[in-house]
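Residue numbers for the sequence shown, in mature numbering (1 follows the signal peptide of the UniProt record, and there is no 0): -20 to -1, 1 to 1143. Yeah, the Cβ is synthetic: ideal placement off N, Cα and C, and Gly gets one too.
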Amino acid sequence: MNLMILEILTLGMLFSSTNAQLQDVVFTQLEEQSAGQFVGSVATSPSLTAFIGDTDRASLRYNILSDSGNKNGDLFRIDPFSGNVTFGVRVDREKACPTSDLCELNFAVAVTGSSNFFTRVAVKVVITDINDNSPTFKDSSMDVHISEAAPVGSSFSLSPATDLDLSAENGVSSYGIEPESYTFRLAVIQNQVGTSQVYLVTKQNLDRETIDSYKLIVVAKDSGTPQRSGTLTVNVVVDDFNDNSPVFSSTIYAANFNETAGAGYNVLTVSATDLDTGDNGKVIYSLSTFQPPNKFDLRDKIDVNSTSGVVFLKKPLPSGEYQVLIDARDLGYPQRFNQSLLKISVQDTENSQPVLTLTPVPNNDLPAGWVPEVIAGAGTVVAVLTVDDTDSGQNGIVVCSSLEPNFLLQQLGPGAYKLTLAGPLDRERNGSFSVTVICQDHGTPSLNGTANIVIHVWDMNDNKPIFGKSTYTASIIENNLKSDTVLVVNALDADEGENARIEYRLADDDGSFIISASTGVIKANKVFDYEEASRYEFTVLAMDNGNPRLTGSSSVVVTIRDINDVAPKFSQDLYMFQIYENRERDSIVGNFTVTDPDTEEGGVITLSLQPKIATEPVVPFTVTKDGRVLSLEKFDREMKSLYSFYIVATDNGQRRLSSSVLVTVKILDENDNKPEFVFPGNQNFSAFVDIPIFADTVILKIEAQDPDEGKNAALIYSLSESNASDLFRIARVSGELMPNRNIVAGDIGSYAITINVTDQGYPALWSTRVLLLVVQSGFEPSTGKVIADQNVLIVACIICFTVIVSGAVLVAICVLKRQDHQRKYASSRLDHVQASLDGRQQYDLAITSVKDPTPSLDLNSSFQQQNQQPKSNKGNGNRLQDPSNVYIGDKMMNIPGSSSGQVFLAKTAIIKLPETNAAKHDDFHSTSSNETSTGDSGHGSDEDMSNSIEQTNMSSMAVEHAVPLAITAASRQSVVRASFPQQNRAQRPSLSKSPPRTKNSTVRFDPHVSYDNIQPLRSPPPALPSQTVNRSNIINNNGSNSAYSQPKTHKYDLVVRQNQQHPPQHQLHAPHPHSNLYPPHRPYHADSSALPHLPSQNSKARLSAVYPTSPQKQVAYRPSSSSAGDDLDDDSDLNTTTSGSYSIASDDVARLNSLGEIKDMFV
């Protein structure tokens, strides 16, 4: 049992190994072996012996598998026990593998054993070819037709031989002709598929008449052993080529007969033969086209039968000797012929009349019967007359003449005449002539004969074409279409035929026109432009087709009709002019040129000016008809330096066209502005420096500006002689002030330095300014840092604070006493109240300025800037360019129109604006939020106003609505309007919470009154003192005198840096008629209570000021004593205020002044 299991496992392993590694078993055998012939043994093949031992192989059984479609297994047998393979049938390789050079027969053998062992062995039997087949041809014989005209080397295809033995050793290897031929050879060529193509090639020319056929044996041999061969019989038939001409039996034939022989008489028979065959050997006969000379043309009297060769008479022949040429032709291609001569002798037997033959003679290569005109003169032969009279004696003597006077007959010899011209002929008069010639013999009776010939006159090109007009005129509108017809010309030619066929051409033309060669239609060859050319002249030619060609000509004049198709054109695409400013009106700015090539109204130009930008005002220039640009005003370069506009040129054509050109006028600068000092200014002219100061150290920089440009604005600084001339110097270009030597304690004092600034224009303009430079001692060494006018600013802040407090108290008193009067006055102003466009409350603020040199603070504005464009004035006037920065408390706002960029906030007055019943305030109409009913927006009762002021005096507590009070610099008493956000408006309280009102009077602050000219005494006085500053003038923040100390890190919050220097105001306004304000130089003594609160990093900030007047007077100011409205003699409001606005009427000020001293008031 165990042995059986081991055997099964062994066979299983063998089975697995065999399936994985068995290879094909290959046997090789020759074909055509008999059945039963041993092929090979599968059992002993390496495919099995390598895996199965001899003992195990004894138990194996072998069988050929019958695969579907595989019939190769039927050709073999296998012994089931030994595994020997033998042939089952005779195997013919050519049948088993008819198309393949390599013959492989595949089949499979199933090998089985005990314990279900099974494997499949693939067997491949390679059948080797033997030479058992001979080459064979498709046909045993074939015919090849070759023309005898075939050139040497001509090839003709033969059928190739085939050999069933496809192997290279046994297949067809060579071809040959046996026996060898001297006339033919074989050529074998391998084609693209590898088979051979056999050709029969001629080695020499063939002659069918010598050998008409050949029989060749073509042998095909293979390369096997023994060698086999096959044969092909080739019958070469030489086809006839017409290479032989017919041959007459005699080259000359002769015949004799009487003149009595009639029509149909057989003269004789001619014969000819041809060695060729077929049509090439068939012969036909005819009379030759060209016959020998005879008395007359025999072709009308004699003929020959084309097939039999019988010569016969068509008409009787007169007596005489005749010669006739007869042609013999074959029917081959190309046709060949031969000739024979027939001599005929006709015997005379009776008398006859003369026979005339009139034959035309060709002239100048013209057909017979044609005579060229003009060139054929007298004596030109036009025909030959032949007279035949067979009679003898007097009957044979003939006299001939012409019946046409333009032709003459002259005898050439016996029986021959020539017909000549009597003079030149003109075809245009007579194109043909019928000429009759008569001949008469001298017999008895006399007999005559006539002959007629028509002579045609050949046209010679002796007439040129003639136009109907010597000059043609036409016109065409410009901007035409190409190929538009312009005109038609026509010419005639008296000649005929080609001599009269006319072709038209253009001469002297630039290609603008084309002409039809046959019809004479002249068309436009381009689109004409009148402005380019208005007239065209050229020549039209008419040429006949004669030889030589004759030409007629005529002039053509074409005018171009103008239309308005060209817009005016300027000579330049851009004009750039220059003119100096301040030139008088109608000054020439520049010249321009504009042209329009159109005619009439289309060339009349109208000029106009158009601004470059539609929103620009009228162009301050004009143009003249002669192309000049003139100014319409004096120009100020500082106001505007460049003008751009268009000159529009429009023609007056029916369809108006226009064009424009851009003109740029640059205003050139004149030195019409003198330099203006920025620092030192009218209000900021002093500076402090601490010692020590070292030589060549920059103390400060003088700044000036000149609105001119170029050299006119190039400034040179210098110092005038003074007490500081030796101590200081100034840089000519930069304006930097420097000491010439070290400044020490001995140099402490005040120095009035006169500074000159001069521009480089012509004539040069200059300005002078005095700088008060105070040299003082400091706590630590200084490099020359300037502390300029800080004391002045501090004093200004104190003044502002005092004025605000005083004004608030006085206003409250005035409100209580003059309530009824103010209500009536306010009612008269209802028409001047306007609504704010953006729904915000607006307040008219009369603002004055105080300058400060300290750096500006970077704070955000709490109020909205109004959009008011700055204005610029020339000369010494104020130039307002940028909005000024205003600080309100610790915030900043921009006030457009202010001439100063610096504002000190003296105090923020907090005014509570409670709202009450609308019925209590019927004197004001609110224009906020488009209200039309009367209201009390922004107004309160006497008690409300008084209480509000009292509650907010000198305090900064938050309330419902705050009105900022500021001191600003207003140029020319301008009233500046500040806008407050709508959301900050005081809310209307309920009626129950409104405070009781004891009086029905209100106070209206008139915007006519502005207080804008508060001038600190640091404005330049008529004469500067030379004394040093009294230290007692220096005030500390506690209001007491103390020693001055240099500030270090102190910063002042409520100061705005001036952005632009503003010229000083040189005169004060006249006092207001109702004003009791102090005179311009009344001093104001500041005390500690009037000082504003100035927060800084150091609570003990030192404030310095300089007063170049009396040392006992600390601060002085110049209040405004007039209002803008009074200056203009106008009592109306300059600015209409919205609800919530307050102003003080000028007459009310006078009344209020009686209650107390008012310094200034700002709301």
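May I ask which residues mark the beginning and end of the alpha helix (DSSP H) holding residue i?
i      : result
Lys75  : Arg73 to Ala76
Asp34  : Asp34 to Arg37
Pro352 : Pro352 -> not in any alpha helix (DSSP H); beta strand (DSSP E) instead, spanning Trp350 to Pro352.
Leu28  : Pro26 to Thr29
Give the range of the beta strand (DSSP E) segment to which residue i is assigned.
i      : result
Pro342 : Note, Pro342: premise wrong, no beta strand (DSSP E); not H, not E.
Ser320 : Phe317 to Gln327
Leu699 : Leu695 to Leu699
Pro719 : Glu716 to Pro719
Asn525 : Premise fails: Asn525 is in no beta strand (DSSP E) and is neither H nor E.
Val501 : Val501 to Ala504
Gln420 : Ser412 to Asp421
Val466 : Thr465 to Val468
Phe508 : Premise fails: Phe508 is in no beta strand (DSSP E) and is neither H nor E.
Phe601 : Phe601 to Val603
Excluding the 5 residues preceding and the 5 following residue i in the sequence, name in chain order all residues of the same chain whose CB lies nearer than 6 Å to its CB.
i      : result
Ser551 : Thr573
Ile502 : Val466, Leu467, Phe493 and Ile495
Thr630 : Thr586, Arg636 and Ser638
Ser94  : Ser39
Ser114 : Arg208 and Gly210
Glu128 : Leu186, Asp187, Arg188, Val218 and Phe221
Ala693 : Asp686
Arg481 : Asn525
Lys104 : Asp4, Val6, Glu84 and Asn86
Give the straight-line distance between the Cα atoms of residue i and residue j, rounded to the nearest whole angstrom.
i            : j      : result
Thr595       : Ser624 : 13 Å
Met122       : Ile197 : 11 Å
Thr677       : Ala711 : 12 Å
Ala776       : Ser786 : 15 Å
Phe7         : Lys51  : 18 Å
Ser266       : Arg309 : 8 Å
Met523       : Ile457 : 30 Å
Ser225       : Ile306 : 14 Å
Ser14        : Ser39  : 30 Å
Ala474       : Ala504 : 30 Å
Asp727       : Leu680 : 17 Å
Asp924       : Ile774 : Interpretation of Asp924 is limited by its pLDDT of 41, a score under 50 that renders its predicted location unreliable; the figure taken from the coordinates is listed afterwards. Cα to Cα, Asp924 sits roughly 33 Å from Ile774.
Glu158       : Val199 : 7 Å
Gln177       : Phe164 : 16 Å
Asn43        : Thr29  : 18 Å
residue 1193 : Phe61  : For the chain, the structure presents residues -20 to 1143; residue 1193 sits outside this window and is missing.
Asn344       : Ala356 : 9 Å
Ile696       : Asn722 : 25 Å
Thr734       : Thr748 : 7 Å
Asn274       : Ser534 : 58 Å
Ile994       : Ser730 : Because the pLDDT of Ile994 is 34, which lies under 50, any placement of that residue in the model is unreliable, and the question is left without a value.
Within its chain, find whatever has a CB closer than 8 Å to the CB of residue i; leave out the 5 residues flanking it on each side and keep chain order.
i      : result
Lys195 : Thr213, Val214, Asn215 and Val216
Thr287 : Ile264 and Tyr265
Ser382 : Leu388, Leu389, Leu399, Val415, Thr416 and Val417
Tell me which residues share the same chain as residue i and place their Cβ nearer than 7 Å to its Cβ, disregarding the 5 neighbours each side in the sequence.
i      : result
Ile627 : Phe572, Leu587, Leu589, Val603, Ser640, Val641 and Val643
Gly244 : Phe292 and Leu293
Asn318 : Ser225, Pro226, Val227, Phe228, Ala252 and Ala308
Could I get the ranges of all uninterrupted alpha helix (DSSP H) runs contained in the segment 540 to 598, with 4 residues as the minimum, in chain order?
none
| query | Is the segment 650 to 664 touching the segment 575 to 582 in the sense that three or more CB pairs, one from each, lie closer than 8 Å? | reply | no
#### Entry: Cβ pair count under 8 Å reaching 3, the segment 399 to 409 against the segment 446 to 461
no
What are the complete beta strand (DSSP E) segments, minimum 3 residues, inside the segment 725 to 750?
-> 729 to 739
* Are the segment 380 to 394 and the segment 346 to 354 touching by the rule of at least three beta carbon pairs closer than 8 Å? -> no
Three CB pairs or more closer than 8 Å across the segment 553 to 562 and the segment 531 to 541
no
Inside the segment 650 to 709 only - beta strand (DSSP E) runs reaching at least 3 residues: 656 to 659, 666 to 671, 683 to 685 and 695 to 699
At 3 residues or longer, and completely inside the segment 605 to 647: list those beta strand (DSSP E) runs for me, N to C. 608 to 611 and 622 to 631
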